[in-house]
Structure formats: C-alpha cells, structure tokens
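Trainee:
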Amino acid sequence: MLVTDKLQQLGLNYFTVDLGQINVLENITDQQLEQLKAELFKSGLELMDDKRAIIIEKVKNVIIDLIHHTEELPKSKFSVFLSEKLDYDYTYLANLFSQTEGITIQQFILNHKIERIKELILYNELSLSEISHRLNYSSAAALSNQFKKITGLTPSFYKQLKEKRQKNLEHI
1 MLVTDKLQQL GLNYFTVDLG QINVLENITD QQLEQLKAEL FKSGLELMDD
51 KRAIIIEKVK NVIIDLIHHT EELPKSKFSV FLSEKLDYDY TYLANLFSQT
101 EGITIQQFIL NHKIERIKEL ILYNELSLSE ISHRLNYSSA AALSNQFKKI
151 TGLTPSFYKQ LKEKRQKNLE HI
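Each residue of the sequence shown is one higher than the last, beginning at 1 in UniProt numbering.
(1) Would you call Ile103 buried or exposed, if buried means 16 or more other Cβ atoms sit within 10 Å of its Cβ?
(2) Please tell me whether Thr91 and Ile56 are closer than 7 Å, where the distance is taken between their beta carbons.
(3) Report back the beta-carbon spacing between Val59 and Ile22 to the nearest angstrom; my notes put them in contact at under 8 Å.
(4) For a quick check, are the C-beta atoms of Ile121 and Pro155 less than 7 Å apart?
(5) Would you call the segment 67 to 81 and the segment 123 to 139 in contact, with 3 or more CB pairs under 8 Å?
(6) Taking Cβ positions, are Gln31 and Leu10 nearer each other than 7 Å?
(7) Round the Cβ separation of Val62 and Leu86 to the nearest angstrom and send it over; I've been treating them as touching at under 8 Å.
(8) Report the rounded CA-to-CA distance for Leu66 versus Phe157, giving the unit in angstroms.
(9) I'd like to check one pair, Phe78 with Ile109: are the Cβ atoms closer than 7 Å?
(10) To the nearest angstrom, how far is the alpha carbon of Leu169 from that of Leu45?
(11) Look at the alpha carbon of Leu40 and the alpha carbon of His69, and state the distance between them as a whole number of angstroms.
(12) Return the chain-ordered ranges of every alpha helix (DSSP H) run that is complete within the segment 47 to 117 and spans a minimum of 4 residues.
(13) Could you spell out the range, first to last residue, of the alpha helix (DSSP H) harbouring Ser144?
(14) Here's the rule I'm using: 16 or more other beta-carbon atoms within 10 Å means buried, otherwise exposed. How should Leu82 be labelled?
(15) For Glu121, which of helix, strand or coil comes out of DSSP?
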C-alpha cells in the first residue's frame with residue numbers, strides 16, 4: 001500500500017491508515033511531517049493537517065459518494081444525513097463549508113445533482129421520472145425546472161444537443 005510504504009520509509013509507527021486519515025502512535029517532528037508531505041505529493045497525494053480542511057473534504061466526499069455512487073438517495077434530509085454520518089452539528093458544518101468554499105453545502109449538493117442528472121440523461125437508461133425519483137425530486141417537472149434554472153436548458157434539449165454532437169463526430 002502506497003501510504004503505509006511511505007510511513008514505513010520515514011520510520012513512523014501508525015495504528016490505522018484509512019481513506020483520508022492516518023493515526024500515528026507518536027508525535028511527528030516537523031522534518032518528518034515535511035518529508036511525508038513531499039513523498040505523498042510525489043505520488044499525487046496531499047497531506048492535510050488542518051482539521052477544518054479535513055472536515056470539509058469529508059463533507060465533499062460524503063456528498064459526492066452519495067450522489068454519484070448510490071442507486072437511490074436516502075429519504076432523510078441531507079442536513080440530517082450529513083450530521084449523522086460525520087457526527088457534527090449541521091449548522092457547524094454548513095458555516096465551516098460556506099466560509100471555506102464560498103458556496104453553501106446546498107449549492108454544492110445541487111451542483112453535483114445537476115452533474116449526475118446530465119450523466120444519467122446521457123446514459124439514456126432511465127426516464128426523466130426514474131431519474132427524478134432516484135435523486136429525490138418530487139416529480140420529473142420539478143427536476144426539469146431546476147435543471148433549466150441552473151443550466152439554461154431543458155433536459156430534453158440537453159439530450160438533443162449531445163445526440164447532435166455525437167452524430168457530427170461520427171461524420172468526421
């Protein structure tokens with residue numbers, strides 16, 4: 001494993017290495033920390049030692065995983081889901097997120113839902129009603145209205161644009 005190899009090379013004793021988190025047994029010197037950062041950076045990884053940045057990254061990962069890699073979103077509100085999943089008060093998470101990212105958690109969720117809708121439209125495996133159900137919209141019309149508000153296009157026009165592009169590419 002890449003991260004554990006780097007820790008062993010630097011002589012750091014650890015007791016857990018989990019996605020996005022390392023628990024080390026002893027205090028790390030500034031020199032060891034800088035070496036670890038440099039080694040991880042060479043491998044395309046980043047060491048985040050700012051607790052606020054770590055929380056923000058966890059919020060983003062939970063949202064992205066939920067929207068892009070789950071068959072159906074939970075019926076509970078995102079605020080309740082995030083609070084329970086990350087074991088933090090939602091108001092704290094929301095304030096921290098907007099201060100750090102410059103957008104609200106809700107806007108981040110909406111942006112990812114729109115991207116997911118685009119993907120599902122292009123896959124052409126689900127109807128708009130099925131997509132709206134999967135992403136917890138009250139109806140296909142509600143999904144269409146929000147999609148148009150954000151992208152400026154209706155879902156059907158978006159799909160037609162992609163189909164036209166594909167046809168044009170096939171003729172080249």
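Quick reminder that beta carbons are idealized off the backbone N, C-alpha and C, glycines included.
Mentor: In short:
(1) Your numbering for residue 103 matches position 103 in the sequence shown. That one is exposed.
(2) Numbered from its first residue, the sequence shown carries residue 91 at position 91. Numbered from its first residue, the sequence shown carries residue 56 at position 56. In this structure, Ile56 does not lie closer than 7 Å to Thr91 by Cβ.
(3) Numbered from 1 along the sequence shown, position 59 holds the residue referred to as residue 59. Numbered from 1 along the sequence shown, position 22 holds the residue referred to as residue 22. Contact flag wrong, Cβ pair sits at about 19 Å.
(4) Within the sequence shown, the letter at position 121 stands for residue 121. Within the sequence shown, the letter at position 155 stands for residue 155. Yes.
(5) yes
(6) Position 31 of the sequence shown, counting from 1, holds the residue named residue 31. Position 10 of the sequence shown, counting from 1, holds the residue named residue 10. No.
(7) Against the sequence shown, residue 62 aligns to sequence position 62. Against the sequence shown, residue 86 aligns to sequence position 86. Right, their Cβ atoms sit about 7 Å apart.
(8) What you label residue 66 is simply residue 66 of the sequence shown in a count that begins at 1. What you label residue 157 is simply residue 157 of the sequence shown in a count that begins at 1. Those two C-alpha atoms are separated by around 27 Å.
(9) Residue 109 sits at position 109 when you count from the first residue of the sequence shown. Residue 78 sits at position 78 when you count from the first residue of the sequence shown. The answer is yes: Cβ separation under 7 Å.
(10) Taking the sequence shown and counting its residues from 1, the one referred to as residue 169 is at position 169. Taking the sequence shown and counting its residues from 1, the one referred to as residue 45 is at position 45. Taking the straight line from one Cα to the other gives about 36 Å.
(11) The residue you call residue 40 lines up with position 40 of the sequence shown. The residue you call residue 69 lines up with position 69 of the sequence shown. So the two alpha carbons sit approximately 26 Å from each other.
(12) 51 to 69, 78 to 86, 90 to 101
(13) Working through the sequence shown from its first residue, we reach residue 144 at position 144. Looking at the DSSP string, the run of the alpha helix (DSSP H) that includes Ser144 is 140 to 151.
(14) For the purposes of this step, residue 82 is taken as the residue at position 82 of the sequence shown. Buried, by the Cβ-count rule.
(15) Numbered from its first residue, the sequence shown carries residue 121 at position 121. Glu is not the amino acid found at residue 121; the sequence shown has Ile there. In the structure shown, Ile121 sits in a helix (DSSP, three-state: H, G or I).
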